[in-house]
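Asker: So the protein lines, in turn, are chains A and B.
Numbering of the first sequence is given in numbering that gives the first Met the number 0, commencing with residue 0 and proceeding in unit increments.
Numbering of the second sequence is given in numbering that gives the first Met the number 0, commencing with residue 0 and proceeding in unit increments.
No residue lacks a Cβ here, since even glycine has one placed at the ideal position from N, Cα and C.
These numbers come from a predicted model, not from an experiment.
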Amino acid sequence: MNTIEPEVLNQVQKGNQEAFTHLVESFQRSVFNLCYRMLGDASEAEDASQETFLRVYKNIKNYDHKRPFSTWLLSIAAHHCIDQLRKRRMVVISMDAVPYLDPPDSSPGPESSYHMLEDQKKVENLLKTLNPHDRAAVIMYYWYDFSYEEIAQSLSITVSAVKSRLHRARLTLAQTWQKQGANNFSTERKTHESPAF
Amino acid sequence: MNHQPFRDWLLSEEKLSAEQIREMQEHVRSCESCRQTESAWTQVESAFRAIPQAQPAPGFTSRWQAHLAEYLAHKQKRRGWMMISLNVVITISLLILVITQLWSLVQAPGPYLVAWFTRLFSLVTIYLTLQDMFRSLPGSIPLLSFLGMFLLVGIISFMSVLWLATYRKLSFARRII
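1) Buried or exposed, going by whether 16 or more other CB atoms sit within 10 Å of the CB of D104(A)?
2) If we ignore side chains and look at the alpha-carbon of each, how far apart do A160(A) and A151(A) end up?
3) What are the residues in the segment 155-172 of chain A lying within 7 Å of chain B by C-beta distance?
4) By the three-class DSSP mapping on this structure, what secondary structure does L122(B) have?
5) Given L38(A), which residues of its chain have a CB within under 8 Å of its CB, disregarding the five upstream and five downstream residues?
6) Looking at the unbroken alpha helix (DSSP H) that takes in H64(A), where does it start and where does it end?
7) Taking a contact to mean a Cβ-Cβ separation below 7 Å, would you say Y147(A) touches V158(A) in this structure?
8) Pick helix, strand or coil for A53(B), following the three-state DSSP scheme.
9) Between G153(B) and M132(B), what straight-line distance do the alpha-carbon atoms span, to the nearest angstrom?
10) Hey, how far is the Cα of M94(A) from the Cα of S159(B)?
11) Looking at A46(B) and V122(A), is the spacing between their C-beta atoms short of 7 Å?
12) Mind listing the chain A neighbours of W8(B)? Cutoff is C-beta to C-beta under 9 Å, in chain order.
13) E17(A) touches chain B at which residues, Cβ-Cβ below 9 Å?
14) Hey, would you say Y111(B) sits closer than 7 Å to S103(B), going by beta carbons?
15) Considering only residues of the same chain and omitting the five flanking positions on each side of T2(A), which have a CB-CB separation below 6 Å?
16) By the three-class DSSP mapping on this structure, what secondary structure does A107(B) have?
17) Could I get the ranges of all uninterrupted alpha helix (DSSP H) runs contained in the segment 7-69 of chain B, with 4 residues as the minimum, in chain order?
18) Using DSSP with H/G/I as helix, E/B as strand and the rest coil, what is Y56(A)?
19) Starting from H132(A) and walking both ways along the alpha helix (DSSP H), at which residues does that stretch end?
20) Leaving out the 5 sequence neighbours to the left and right, which residues in its chain are closer than 7 Å to H132(A) when beta-carbon positions are compared?
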């Protein structure tokens, strides 16, 4: 998780646009990743990320320095994504919109990229089976290493609610995985092994 | 077969005692359903770890700067339009008022001037009546009642402002924690 110097934050709170641009540069990846995992669509994730930074820009004066900035920022992103998911509910998302991914390991190639995209889609489909709040809790816990307390603070729920949401989500994810019969998930394949062999 | 509490333990991140671990392992060995759940969850966890972090298309910061510039321009434009609209409304209202008065003056100057003098006289009379009324009040109403009323009105006003401010804070800033 990225951090930002208190001096930059002070500058941002004073309305320094250059400092804010620095902040955007530092956190764009974390925010986009969270939005993408929540929404499952690169284009929507881009819009949600831009909107998140705009909300931060408008409300930066309300930021409390006692709290880690990244937690505050990601809670804004998560709330925005939860609102978006509630709004669209029945709208089907195109699975063709795939974002830029981190460079893979030392063996880039068409097969490796294909597997990565395949895995990506499977995880997206899994996450889609969760309700927005459970999804946000899972993403914060597994991708951002947030503690129960940080998740509770970010989602405005109690710590026990976080634990029960995560427990319910794990059960749902495991059951969905079993139903999908995802035995051929590419992480189980040997590296560079073609599914054809 | 009863899967509780073993299924909870399988999916929990809480630390289990040695006894609980032994009981759970024993149950998992004999229960196909729990074994499948454990295996599925392990695979889901490894799938989560396997996928890389998604990142935005290159040029995110430039797009953000453009987005911000657009927002600021829109905000300024909206503020400008609001000022213009307010000015237009005030000007039109004043014009209507002036035109109606002028129209009456042109139509019948005598009665118009008489009506205005009558209005002015009524205002002066009202002012003098009120002045007399307030001058006699301290004698008839005790000072404490006056202060009480003043205090009551003050408290009600303060509570209203407090309620409005709290409502605004709770309803508006809820999403920006």
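Answerer: Walking through what the data contain:
1) Confidence at D104(A) is low in this model, with a pLDDT of 49, below 50, so the placement of that residue is unreliable and no value is reported for it.
2) 8 Å
3) S155, H166, R169, L170 and L172
4) In the structure shown, L122(B) sits in a helix (DSSP, three-state: H, G or I).
5) A44, A47, C80, Q83, L84 and I92
6) Counting along the chain, H64(A) falls outside any alpha helix (DSSP H), and DSSP gives it neither H nor E.
7) Result yes, Cβ atoms of Y147(A) and V158(A) sit closer than 7 Å.
8) strand
9) 23 Å
10) Bear in mind that the predicted position of M94(A) carries a pLDDT of just 47, short of 50, making it too unreliable to give a figure here.
11) yes
12) Those do not exist, as W8(B) stays about 11 Å from chain A at its closest Cβ, beyond 9 Å.
13) Residues of chain B passing the Cβ test: none, with the nearest at roughly 11 Å.
14) yes
15) Cβ within range, chain order: n/a, list empty.
16) coil
17) 17-29 and 31-49
18) helix
19) P131 to W142
20) I81, L154 and R164
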